[in-house]
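This report refers to the structure that appears directly beneath it.
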Amino acid sequence: MESFRDEINDAINDVEYGVNKVEHIEGHTQSEENRAAILRVETYDNIELLVKMCIDTGYSVLEYKNNSDPSLKEDLNKYFDSLSNLLMNYSPEFQKRFGLKLTERLMGLSK
Numbered sequence: 239m240e241s242f243r244d245e246i247n248d249a250i251n252d253v254e255y256g257v258n259k260v261e262h263i264e265g266h267t268q269s270e271e272n273r274a275a276i277l278r279v280e281t282y283d284n285i286e287l288l289v290k291m292c293i294d295t296g297y298s299v300l301e302y303k304n305n306s307d308p309s310l311k312e313d314l315n316k317y318f319d320s321l322s323n324l325l326m327n328y329s330p331e332f333q334k335r336f337g338l339k340l341t342e343r344l345m346g347l348s349k
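According to my numbering, the sequence shown is numbered sequentially starting from 239.
Encoded structure:
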């Protein structure tokens with residue numbers, strides 16, 4: 239069985255291709271609660287997310303900052319089963335890169 243640390247690393251590795259930066263924030267106050275980890279994600283479309291990864295509830299956004307348009311706000315009361323699903327909801331650029339990666343994998347299967 240994987241440790242929680244392995245799950246954190248797997249989540250990060252799973253989305254690295256589609257974001258500018260993703261990192262685990264050690265020692266964040268929210269990580270002490272409910273067996274959770276906090277991830278900082280910077281997308282290619284200039285959005286910064288502070289994401290809570292919780293064993294019990296999944297992934298949720300603690301902070302959302304759109305550096306291109308600070309007036310944009312997002313509903314932070316959503317939960318997702320994976321980090322990539324969360325990013326598909328908040329980042330159009332991640333959606334695009336996810337689609338390209340999926341197409342690349344499918345093309346590889348057809349060879």
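No residue lacks a Cβ here, since even glycine has one placed at the ideal position from N, Cα and C.
Because the structure is a prediction, the values reported are computed rather than measured.
query	result
Can you list, in chain order, the residues of its chain with a C-beta nearer than 7 Å to that of E331? Leave out the 5 residues immediately preceding and following it.	T281, Y282, D283
Strictly under 8 Å for the Cβ-Cβ distance: is A274 near chain B by that measure?	The structure shown contains no chain B, having only a single protein chain.
Quick one: measure Cβ to Cβ for E261 and L277, integer angstroms, because I've assumed they're closer than 8 Å.	7 Å
Please check the pair L321 and V299, which I expect to be a contact at CB under 8 Å, by giving their CB distance rounded to whole angstroms.	Not really, about 11 Å apart at Cβ, beyond 8 Å.
Do you know how far the Cα of Y297 is from the Cα of I263?	15 Å
Going by Cα to Cα distance, which pick from V253, E245, E286 is closest to A275?	E245
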